[in-house]
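Please read the structure below before turning to the comments.
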Amino acid sequence: MKFRSHVEPPEPMRGLEVPPEVVAALGEGARPPVTITINGHTWRSRVALMRGRYLLGLSNANRQAARVEIGEDVEVEVELDTQPRVIVEPPDFADALDKEPLARAEYDKLAQSRKREHVHAIESAKKPETRQQRIEKAIVTLRGQHP
Numbered sequence: 055m056k057f058r059s060h061v062e063p064p065e066p067m068r069g070l071e072v073p074p075e076v077v078a079a080l081g082e083g084a085r086p087p088v089t090i091t092i093n094g095h096t097w098r099s100r101v102a103l104m105r106g107r108y109l110l111g112l113s114n115a116n117r118q119a120a121r122v123e124i125g126e127d128v129e130v131e132v133e134l135d136t137q138p139r140v141i142v143e144p145p146d147f148a149d150a151l152d153k154e155p156l157a158r159a160e161y162d163k164l165a166q167s168r169k170r171e172h173v174h175a176i177e178s179a180k181k182p183e184t185r186q187q188r189i190e191k192a193i194v195t196l197r198g199q200h201p
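Quick note, this note's numbering runs 54 ahead of the 1-based positions in the sequence shown.
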């Protein structure tokens, strides 16, 4: 489904407004998971509802990859994203989770965005000892969610 949108500045959120009829046609409620394509660059996201408007977030990385500028009008193609959202656990984090059944159970219940935060924190560590500390912190945090 194609529509034109204006690349809005980051107050309060950089993004693209989605016409309500497009959201309705997707048929998955107010926050459907979608794939977005602009100028041949495709990424996955969800429609957000802010202040009564439907928006697609547009990170600097996606904006640059799609070769669009703030203030520009662009053609956007969205499709309902029916593929499962899978966060790949780094092997060392997966091993730590598997050794702690309570932490594993809590992790498995998390939303994809929360899983992604844990994985990103671990994978962004520059030193092995920092990575290990972050894994340990994630395990403690997850265990702490279950008294």
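The beta carbon of each residue, even a glycine, is placed where N, CA and C say it ideally should be.
Source: prediction; values computed, not measured.
Residues of its chain near residue 158, where Cβ-Cβ distance is below 7 Å and the 5 sequence neighbours each way are ignored: 151 and 152
For residue 124, the first and last residue of its enclosing beta strand (DSSP E): First-last for residue 124: undefined, no H or E at that position.
Pair within 8 Å by beta-carbon distance, residue 166 and residue 193: no
Boundaries (first-last residue) of the beta strand (DSSP E) holding residue 56: 56-62
Reduced DSSP secondary structure (H/G/I, E/B, other) of residue 200: With a pLDDT of 48 at residue 200, under the threshold of 50, the modelled position of this residue cannot be trusted, and the question is left open.
Three-state secondary structure (DSSP) of residue 78: helix
Straight-line Cα distance separating residue 175 from residue 104: 27 Å
Nonlocal neighbours in the same chain, by C-beta distance under 6 Å from residue 60, ignoring five residues either side: 127
Cβ-based neighbour list, residue 74, same chain, cut-off 8 Å, excluding 5 preceding and 5 following: 108
Inter-residue CB distance, residue 69 and residue 125 (contact presumed, cutoff 8 Å): Contact doesn't hold; Cβ gap of about 13 Å is too wide.
Beta strand (DSSP E) segments (min. 3 residues) lying fully within the region 103-182: 107-111 and 127-134
Cα-Cα separation, residue 92 to residue 122: 8 Å
Three-state class that DSSP yields for residue 88 in the structure shown: strand
Contact check, residue 95 vs residue 78, beta carbons under 8 Å: no
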